[in-house]
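Asker:
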């Protein structure tokens, strides 16, 4: 069904995602309409996730960040910077978004994309590069063989990590991991997916 959501404009795309039931919350609709996907070009032989996968991640983030006054969000594998910017519009004032990308040139491109298309997020210091390990929501845009322990440890209590898990070319699942206390994590399998593999080397945006 997701392929039927394509449109000639960003607003049309979001409206179609909403009609298909993929986008449900008004806050996610506003964030996606405020972030023009067409402005976030990508290169260096990398792929951008389909709109419905970004929408699904944003819906999960919206639930995870509900009633959190000053949320901190980490987007691993930021790619074009599109989802990082969407998350910035989702949290707005008081929130902080951190994007991580392994390819230096792509990290620079993502930063340029955000500054050009959604520069207010940079100017208002919503999108930032600093990290201190108190993240409320972490999104990973590439598949890990196992949920990354380092990212799990970076979650605040109550925080959630959404990550594709599985080998490339094999069965993968989108998993949500929540930190319930200092030592305990719960895991929930959400849906079958197909992502490129996550690699170790990264560069901060």
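In this note's numbering, the protein residues as written are 3 to 207.
Just so it is clear, CB atoms sit at the ideal spot from N, CA and C, and this is done for glycine as well.
Buried or exposed: which applies to residue 1, given that a residue is buried once 16 or more other Cβ atoms fall within 10 Å of its Cβ?
Answerer: In the structure as shown, the chain begins at 3 and stops at 207. Residue 1 is therefore absent and cannot be evaluated.
Asker: What runs of the alpha helix (DSSP H), each 4 residues or longer, lie entirely inside the stretch 110-189?
Answerer: 121-125 and 151-155
Asker: Leaving out the 5 sequence neighbours to the left and right, which residues in its chain are closer than 7 Å to residue 51 when beta-carbon positions are compared?
Answerer: Cβ neighbours of residue 51 beyond the five flanking positions: 143.
Asker: Starting from residue 74, trace the beta strand (DSSP E) in both directions and tell me its first and last residue.
Answerer: 74-78
Asker: Mind checking who residue 106 pairs with in its DSSP beta bridge?
Answerer: Answer is none; residue 106 lacks a bridge partner.
Asker: Residues in the same chain with beta-carbon distance under 7 Å from residue 27, minus the five sequence neighbours each way, listed in chain order, please.
Answerer: Once the five neighbours on either side are set aside, the close Cβ partners of residue 27 are 61 and 64.
Asker: How would you call residue 182, buried or exposed, if buried means at least 16 neighbouring beta carbons within 10 angstroms?
Answerer: exposed
Asker: Quick check on residue 90: buried or exposed, where buried means 16 or more other Cβ atoms within 10 Å of its Cβ?
Answerer: So residue 90 counts as buried.
Asker: Would the beta-carbon of residue 176 fall within 8 Å of that of residue 154?
Answerer: no
Asker: Nearest to residue 187 by CA position, among 76, 162, 129 and 10, is which residue?
Answerer: Of 76, 162, 129 and 10, the residue nearest in Cα terms is 162.
Asker: Cα separation between residue 196 and residue 96?
Answerer: 34 Å
Asker: Please give me, in chain order, every unbroken run of the alpha helix (DSSP H) with length at least 4 that falls completely inside the stretch 5-47.
Answerer: 12-21 and 28-36
Asker: Which residue wins for smallest C-alpha separation from residue 157, given the options 73, 30, 43 and 69?
Answerer: 73
Asker: By how many angstroms is the C-alpha of residue 16 removed from the C-alpha of residue 94?
Answerer: 19 Å
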